[in-house]
């Protein structure tokens, strides 16, 4: 059913005259008559009876009118659901307690009027596919992995270098250190069961190991952050890396410590990805907010893999 004919019918019913309906719709009276006639042929009934005053609804017209109004309301809601700026900005972050999530919480505090939908996709291929399909608007990723260039229609900007810290339990031999160098960590076992081969974070830690001769183990099932924290607290043999802005909570009696890593400080490069043709107005607001508030990258005394340099 042509929505233009339905809209014309409702306008004529409200006005009581085809001439007034034509003026409201900015069309000719002849166009209104043709649309009403087409709708009547489609429905197989007469909707209006001509009178000296104009046009009155027939019994069938009166029956059809509330449904016609509902058709127009449904059509408007459907259009509004995808209209630029009227839907939430869809944002992908890797984890709810990550630095990326923290950046979005800061954005929400600064711009509470902008609605957000936050999702968590697993890897960069899934994120890029979702951006290109329009399922999401932006994603936070470490980009530039060797052999995996971004498609030409995907834009990126590096928004945050997050320093890695060493997380250790009270029995670890480095537990009393105020800071540790990467050279000191050589020979110590760093346990990170959440590293999944083929992901951007796996590529990052592969380069870190190769560059500084570290021992990072990803063995065993990944039972989540609580199990990781329990294990680190209970052993003197294992430590783990954690992002400086990652927010985890553990029991006070665990005695866990975050220790800065220096000489140089390894940083995880967070970038924002989006489709170059995305028209959502909140995207420009988010980019401006991150440019003004997020820490820079490439600072002296830090290390990141060469492939993380922005395009």
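Numbering (this note's numbering), first residue to last: 126 to 436. Cβ coordinates follow ideal geometry from the N, Cα and C atoms, glycine included. No experiment lies behind these values; they were computed from the predicted model shown.
Mind checking residue 252: buried by the 16 CB within 10 Å criterion, or exposed?
Residue 252 sits at position 127 when you count from the first residue of the chain shown. Per the 10 Å Cβ criterion, buried.
For residue 436, the three-state DSSP class (helix, strand or coil)
For this step, residue 436 is matched to residue 311 along the chain shown. Residue placement at residue 436 is poorly supported in this model, since its pLDDT is 45, which falls under 50; the coordinates are not used for a value here.
CB of residue 216 within 9 angstroms of CB of residue 243, strictly
Your numbering for residue 216 matches position 91 in the chain shown. Your numbering for residue 243 matches position 118 in the chain shown. Yes. Within cutoff.
Given a cut-off of 9 angstroms, decide if residue 137 and residue 161 are closer than it, judged by their beta-carbon atoms.
The residue you call residue 161 lines up with position 36 of the chain shown. The residue you call residue 137 lines up with position 12 of the chain shown. Cβ distance < 9 angstroms, so residue 161 and residue 137 count as in contact.
Have a look at 353, 397, 365 and flag the residue whose alpha-carbon is nearest the alpha-carbon of residue 376.
Working through the chain shown from its first residue, we reach residue 376 at position 251. The shortest C-alpha separation from residue 376 is found at 353.
Give the C-beta separation of residue 305 and residue 386 to the nearest angstrom, bearing in mind that I take them to be a contact with Cβ-Cβ under 8 angstroms.
Residue numbering aside, residue 305 sits at position 180 when the chain shown is read from its first letter. Residue numbering aside, residue 386 sits at position 261 when the chain shown is read from its first letter. At roughly 6 angstroms, the Cβ-Cβ gap stays under 8 angstroms, so residue 305 and residue 386 are in contact.
Between 364, 164, 356, which has its C-alpha nearest residue 289's C-alpha?
Locating residue 289 in the chain shown gives position 164, counting from the first residue. Of the candidates 364, 164, 356, the one whose C-alpha sits nearest the C-alpha of residue 289 is 364.
In this structure, does DSSP put residue 132 in helix, strand or coil?
Numbered from its first residue, the chain shown carries residue 132 at position 7. In the structure shown, residue 132 sits in a helix (DSSP, three-state: H, G or I).
Are the Cβ atoms of residue 395 and residue 300 separated by less than 9 angstroms?
Along the chain shown, one-based indexing puts residue 395 at 270. Along the chain shown, one-based indexing puts residue 300 at 175. For residue 395 and residue 300, no; Cβs fall outside 9 angstroms.
Comparing the CB of residue 226 with every heavy atom of the ligand SAM, is any distance shorter than 8 angstroms?
By its list of ligands, the structure shown contains no ligand whatsoever, and the ligand SAM lies outside what it can speak to.
Between 328, 295, 248, 337, which has its C-alpha nearest residue 312's C-alpha?
Indexing the chain shown from 1 puts residue 312 at position 187. Ranking 328, 295, 248, 337 by Cα distance to residue 312 puts 337 first.
Helix or strand or just coil, what does DSSP make of residue 397?
If you number the chain shown from 1, residue 397 lands on position 272. Residue 397 falls in the strand class under three-state DSSP.
Just how far apart, CA to CA, sit residue 145 and residue 225?
Within the chain shown, numbered from 1, the residue matching residue 145 stands at position 20. Within the chain shown, numbered from 1, the residue matching residue 225 stands at position 100. Residue 145 and residue 225: Cα-Cα distance of roughly 56 angstroms.
Tell me where the alpha helix (DSSP H) around residue 406 begins and ends.
In the chain shown, residue 406 corresponds to position 281, counting from 1. Taken as a continuous stretch (DSSP letters only), the alpha helix (DSSP H) holding residue 406 covers 406-418.
Which two residues bound the contiguous alpha helix (DSSP H) that contains residue 227?
Here residue 227 is taken as the residue at index 102 of the chain shown, counted from 1. Its alpha helix (DSSP H) spans residues 224-235.
Going by C-alpha distance, which of 317, 388, 233, 177 is nearest residue 427?
Sequence index remark: in the chain shown, residue 427 carries index 302 (1-based). Ranking the options by Cα distance to residue 427, first place goes to 388.
Considering only their Cβ atoms, is the gap separating residue 262 from residue 408 smaller than 9 angstroms?
In the chain shown, the residue the question calls residue 408 occupies position 283. In the chain shown, the residue the question calls residue 262 occupies position 137. Result yes, Cβ atoms of residue 408 and residue 262 sit closer than 9 angstroms.
Find the nearest neighbour of residue 260 within the set 325, 156, 431, 405, judged by alpha-carbon distance.
In the chain shown, counting from the first residue as 1, residue 260 sits at position 135. It is 405.
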